[in-house]
Amino acid sequence: MLLSKYFLPVLKELPAEAQVISHRLMLRSGMIRRQASGIYSWLPLGLQVLQNIINIVNHNMNKVGSLEILMPCIQPASLWIASGRFENYGKEMLKFQDRHDNTLLFGPTNEDMITEIFKNNIKSYKDLPKNLYHIQWKFRDEIRPRFGVMRAREFLMKDAYSFDIDQASAVQHYNNMYLAYLQTFRDIGLNVIPVLADNGPIGGNLSHEFHIQTENGESTIFYDKKFLNLINSKSLDIEKIQSLYAVAEEKHDPTKCSLAPEELASSKSIEVGHIFYIGSKYSKVMNAVVNDKHGNLVPIEMSSYGIGISRLVAAIIEASHDDKGIIRPINIAPFCVSILNLNILDSKCNELSRNLYAQLKTNNITVLYDDTEERVGSKFATHDLIGSPYQVIIGPKGAIKNIVELKNRKTGNIEELDIEVVCGKII
Ligand code: ATP
Ligand code: MG
Ligand code: MG
Ligand code: MG
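Take 1 as the starting number for the sequence shown in this note's numbering and just add one per residue.
Structure, rendered in structure tokens:
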């Protein structure tokens, strides 16, 4: 991508509307723009991060055998009346009437709808287990939308739903998804901490949330310090991991925690995922039953699994930035490399920049080539702000000798290199 052709409306001023760092940086780097309270447009740089996260989530869902579907964002109230949740869900649900006076709602989640799809189409234990997911915009009329896309009203969620014949296979399924979640966050480039959590209005009695530790998180988690080693080790031992103390704030009970104070860690955090073993709560009330081996009709065992895709875009920035801007984990970076041509009037600078740009593209490395007339200082600031993992800086003095600078955004380390070897260093 040529920067001269791109749409990157960076802001020099600190946006007054933003309190937390990720919100400020997302506005400043031209990733999002606010349309109404808790409702945002995604500009090219932000949308690309969203799409990169979606790709990683898709990959890991497919690996674990979850099949992608797409349910609508508008749902009929009748479904929620059938499941008994219509009255209970409360003010976060946005309801409205169509021209025929049917009550509709903007879906805050999809358990009710998926249960109906399941019950109308699956009749036998032979068709189980099944696992379906979709990635769809949700709406929750949050009482205090804030922190940009972190606590928005309209937000993108991946929600998966699993169906099993009995409790044993449902728990096994849940644990496979738990591991798939750990792998997904790892692939994104994040350290997450899975903690025991409440099931809340979704229902059921086993649940884990996945949290990122940050200064500005709205949540608090408590965990055994040994947890970090286990979670970051190469092979994941689920039994060991789940046997250690790690809980969300509402589950923390100092009288039940046997850890000594020096063994217990606590921190502010952001909830980026949440999985629920629901059991037969929905299948019983909505009569989603299948024939078991013996010909008896039994309610199916369900679980649901959410990832806050749009919240993740902000949470990753909370976890990875410095005072100059965003530091992108490589797997979700919109551009792996920024090329900074420091003088577009210099023919040698142009030649080297254009050649490297072509070479990177041939090697399928995403690249943003700054071919603008901006001042050198402003170029440095822009690319530090948007956070491409690598910058190649091409100035007239080095260019005559085919020498350029390769800067690692995360470490700040700069190497002077012959232009020929730059591409190889990045791969
Ligand atoms: P929170 O505790 O932050 O209100 P939640 O527990 O209500 O979230 P879930 O119902 O568990 O949310 O939904 C699954 C995921 O969707 C959450 O883990 C979170 O990542 C994301 N999410 C929930 N609410 C929002 C929101 N208002 N804005 C952005 N993402 C959200
Ligand atoms: Mg909530
Ligand atoms: Mg929560
Ligand atoms: Mg939750």
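Backbone N, C-alpha and C define an ideal beta-carbon position, used for all residues, glycine too. Because the structure is a prediction, the values reported are computed rather than measured.
Assigned exposure category for residue i - 16 Cβ within 10 Å defines buried
{"i": "alanine 170", "result": "buried"}
{"i": "leucine 67", "result": "exposed"}
{"i": "proline 254", "result": "exposed"}
{"i": "aspartate 418", "result": "exposed"}
{"i": "valine 149", "result": "buried"}
{"i": "lysine 281", "result": "buried"}
{"i": "glycine 84", "result": "exposed"}
{"i": "glycine 398", "result": "buried"}
{"i": "serine 388", "result": "buried"}
{"i": "histidine 294", "result": "exposed"}
{"i": "alanine 260", "result": "exposed"}
{"i": "aspartate 506", "result": "Limits of the chain in this structure are 1 at one end and 427 at the other, which puts residue 506 out of reach."}
{"i": "threonine 362", "result": "exposed"}
{"i": "isoleucine 339", "result": "buried"}
{"i": "phenylalanine 7", "result": "exposed"}
{"i": "glycine 204", "result": "buried"}
DSSP-derived helix/strand/coil call for residue i
{"i": "alanine 315", "result": "helix"}
{"i": "serine 78", "result": "helix"}
{"i": "methionine 150", "result": "helix"}
{"i": "isoleucine 386", "result": "helix"}
{"i": "aspartate 224", "result": "strand"}
{"i": "serine 269", "result": "strand"}
{"i": "isoleucine 326", "result": "strand"}
{"i": "aspartate 370", "result": "strand"}
{"i": "aspartate 187", "result": "helix"}
{"i": "glutamate 351", "result": "helix"}
{"i": "threonine 411", "result": "coil"}
{"i": "threonine 362", "result": "helix"}
{"i": "glycine 398", "result": "helix"}
{"i": "lysine 293", "result": "coil"}
{"i": "serine 4", "result": "helix"}
{"i": "leucine 179", "result": "helix"}
{"i": "serine 378", "result": "helix"}
{"i": "serine 29", "result": "coil"}
{"i": "glutamine 242", "result": "helix"}
Limits of the unbroken beta strand (DSSP E) element including residue i
{"i": "methionine 71", "result": "That residue, methionine 71, is in no beta strand (DSSP E); it is neither H nor E in DSSP."}
{"i": "asparagine 232", "result": "Not the beta strand (DSSP E): asparagine 232 falls in the alpha helix (DSSP H), residues 227–232."}
{"i": "histidine 208", "result": "206–213"}
{"i": "glutamate 301", "result": "301–308"}
{"i": "phenylalanine 139", "result": "130–139"}
{"i": "aspartate 127", "result": "Run containing aspartate 127: none; DSSP gives neither H nor E here."}
{"i": "arginine 34", "result": "32–36"}
{"i": "proline 194", "result": "193–196"}
{"i": "alanine 333", "result": "Careful: alanine 333 lies outside any beta strand (DSSP E) and carries neither H nor E."}
{"i": "valine 247", "result": "246–248"}
Residue i to residue j span [Cα, whole Å]
{"i": "glutamine 172", "j": "isoleucine 307", "result": "20 Å"}
{"i": "isoleucine 53", "j": "methionine 61", "result": "12 Å"}
{"i": "serine 258", "j": "isoleucine 193", "result": "19 Å"}
{"i": "serine 235", "j": "isoleucine 326", "result": "30 Å"}
{"i": "asparagine 88", "j": "glutamate 215", "result": "33 Å"}
{"i": "tyrosine 357", "j": "tyrosine 245", "result": "50 Å"}
{"i": "aspartate 346", "j": "alanine 18", "result": "40 Å"}
{"i": "asparagine 102", "j": "lysine 119", "result": "23 Å"}
{"i": "methionine 286", "j": "threonine 115", "result": "7 Å"}
{"i": "threonine 411", "j": "asparagine 291", "result": "59 Å"}
{"i": "glycine 46", "j": "isoleucine 427", "result": "24 Å"}
Close beta carbons around residue i, own chain, < 7 Å, minus the five adjacent residues each side
{"i": "leucine 94", "result": "Leu105, Phe106, Phe139 and Asp141"}
{"i": "glycine 217", "result": "Lys268, Ser269 and Ile270"}
{"i": "serine 266", "result": "Thr220, Ile221 and Phe222"}
{"i": "leucine 14", "result": "Arg24"}
{"i": "phenylalanine 96", "result": "Leu104"}
Residue range of the alpha helix (DSSP H) that includes residue i
{"i": "isoleucine 53", "result": "44–63"}
{"i": "valine 422", "result": "419–426"}
{"i": "aspartate 112", "result": "111–121"}
{"i": "lysine 95", "result": "That residue, lysine 95, is in no alpha helix (DSSP H); its beta strand (DSSP E) goes 94–97."}
{"i": "isoleucine 403", "result": "Segment 403–408 is the beta strand (DSSP E) holding isoleucine 403; no alpha helix (DSSP H) there."}
{"i": "leucine 104", "result": "It is not in any alpha helix (DSSP H) - leucine 104 instead sits in the beta strand (DSSP E) that spans 103–106."}
{"i": "lysine 281", "result": "281–285"}
{"i": "serine 235", "result": "It is not in any alpha helix (DSSP H) - serine 235 carries neither H nor E in the DSSP assignment."}
{"i": "serine 320", "result": "Per DSSP, serine 320 belongs to no alpha helix (DSSP H) and is neither H nor E."}
Minimum Cβ-Cβ distance from residue i to chain B less than 8 Å
{"i": "leucine 352", "result": "In the structure shown, chain B does not exist; there is a single protein chain."}
Cutoff 8 Å; reference residue i; Cβ partners in own chain excluding five residues on either side
{"i": "alanine 197", "result": "Ser207, His208, Glu209, Val247, Ala248, Glu250, Lys251 and His274"}
{"i": "isoleucine 56", "result": "Thr184, Asp187, Ile188, Asn331 and Ile332"}
{"i": "lysine 348", "result": "Pro396, Ala399 and Ile400"}
{"i": "glutamate 374", "result": "Thr382"}
{"i": "histidine 321", "result": "Ile21, Ser22, Leu25, Ile327 and Gly387"}
Nonlocal neighbours in the same chain, by C-beta distance under 6 Å from residue i, ignoring five residues either side
{"i": "tyrosine 305", "result": "Ala160, Met177 and Ile275"}
{"i": "leucine 132", "result": "Leu67, Ile69 and Tyr161"}
{"i": "isoleucine 241", "result": "Leu230"}
{"i": "histidine 134", "result": "Ile69, Leu70 and Met71"}
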